[in-house]
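Numbering (the UniProt record's numbering), first residue to last: 1 to 320.
Okay, structure coming up:
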């Protein structure tokens with residue numbers, strides 16, 4: 001039996017349908033294409049005359065078993081309309097920008113709507129190009145991520161700032177407690193920095209801070225280690241999976257590394273070159289199990305180092 005092709009729509013309707021800025025496909029109850037508007041032609045590379053009367057899933061075999069096929073069946077059998085979210089399929093139809101035969105597929109929003117005409121069931125498939133929207137959303141997400149990343153970076157030195165330090169210390173402390181691991185904290189202060197600033201000026205002082213920050217970051221080799229500017233001339237290092245003695249050894253290496261840079265110090269300073277004092281504290285489940293307690297212990301060790309002559313490392317618990 002030969003099924004006659006449906007009569008073409010009238011001229012006015014045809015012009016209107018072909019001016020619509022989206023793809024329109026109408027299928028009959030046998031899933032054959034009744035209407036294929038002008039928007040579809042340059043994006044699919046198929047003319048309306050070529051596809052009219054053909055089953056949609058023979059024109060686009062890759063749609064078999066897809067969300068589109070499920071939506072078409074729901075429309076033609078159950079009279080149910082469906083919006084296909086982009087989260088399920090960004091580009092279900094093999095459509096590309098007009099005139100492009102090998103470019104990337106356009107991102108699509110697809111709606112399938114059932115309707116009846118003269119007691120016959122049809123469904124309308126609307127395909128909208130949302131590539132611009134997707135690009136804008138991606139740009140907004142990238143911008144937001146960039147802003148978030150910058151909000152965790154110290155503007156002067158380029159290492160992590162105090163805000164990120166607080167987040168990272170809490171995260172690593174909880175992780176160490178959960179896994180029964182170790183965690184150590186270094187608090188570092190540039191010795192006689194006020195004298196340095198007064199003698200060389202704030203611009204040179206900023207350069208000194210940047211140099212020390214870079215030297216600190218270079219000494220932290222593991223991905224999970226965090227170097228941060230704690231405030232002013234103070235820096236911090238968060239050291240996961242590190243015991244107090246391991247932290248002491250690393251702190252002394254950092255101190256020696258900065259001293260070896262031979263950064264000229266102010267004449268009134270204790271040493272002729274820039275040095276560091278470093279306080280060390282390690283997590284203790286009975287005493288130092290909270291970020292505030294760990295910071296306070298490292299801070300006390302730091303000031304013990306400064307009181308005892310500067311350019312040295314003191315670990316929490318050392319005889320002072």
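Cβ coordinates follow ideal geometry from the N, Cα and C atoms, glycine included.
Inset, instruction - With a cut-off of 8 Å on the beta carbons, I'd call residue 236 and residue 184 a contact; round off their distance for me. - result: Not quite, the Cβ-Cβ distance comes to about 11 Å (not below 8 Å), so this is no contact.
Legend entry - Range of the contiguous alpha helix (DSSP H) that encloses residue 78: 67-78
Inset, instruction - Please go through the same chain and pick out, in chain order, the residues whose beta-carbon is closer than 7 Å to the beta-carbon of residue 262, but skip the five residues on each side of it. - result: 273
Legend entry - For residue 243, three-class secondary structure by DSSP: coil
Legend entry - CB of residue 171 within 8 Å of CB of residue 230, strictly: no
Inset, instruction - Work out the CA separation of residue 43 and residue 84 for me, nearest whole Å. - result: Residue 84 and residue 43 have their C-alpha atoms some 20 Å from each other.
Legend entry - Nearest candidate by alpha-carbon position, reference residue 276, set 241, 239, 314, 292: For the residues 241, 239, 314, 292, the minimum Cα distance to residue 276 belongs to 314.
Inset, instruction - Determine the burial state of residue 115: buried for a count of at least 16 other Cβ atoms within 10 Å of its Cβ, exposed for fewer. - result: exposed
Inset, instruction - Measuring only between beta-carbons, confirm whether residue 229 sits less than 8 Å from chain D. - result: Among the chains of the structure shown, chain D does not appear; only one protein chain is present.
Legend entry - Where residue 126 falls: helix, strand or coil (DSSP): strand
Legend entry - Own chain partners of residue 90 with C-beta closer than 6 Å, once the 5 adjacent residues on each side are dropped: 107
Inset, instruction - Tell whether a beta-carbon distance below 8 Å holds between residue 186 and residue 280. - result: yes
Legend entry - Member of 16, 180, 189, 318 whose CA lies at the smallest distance from the CA of residue 335: The structure shown does not extend to residue 335, since the chain is modelled only from 1 to 320, so the question has no answer here.
Legend entry - Close beta carbons around residue 6, own chain, < 7 Å, minus the five adjacent residues each side: Bear in mind that a pLDDT of 48 at residue 6, under 50, signals an unreliable position, so the number given afterwards is only what the model happens to contain. So the list reads 34, once near-sequence residues are dropped.
Inset, instruction - Give a yes or no on contact between the segment 287-298 and the segment 202-219, applying the rule of three or more CB pairs nearer than 8 Å. - result: no
Legend entry - Range of the contiguous beta strand (DSSP E) that encloses residue 177: Per DSSP, residue 177 belongs to no beta strand (DSSP E); it is in the alpha helix (DSSP H), 162-179.
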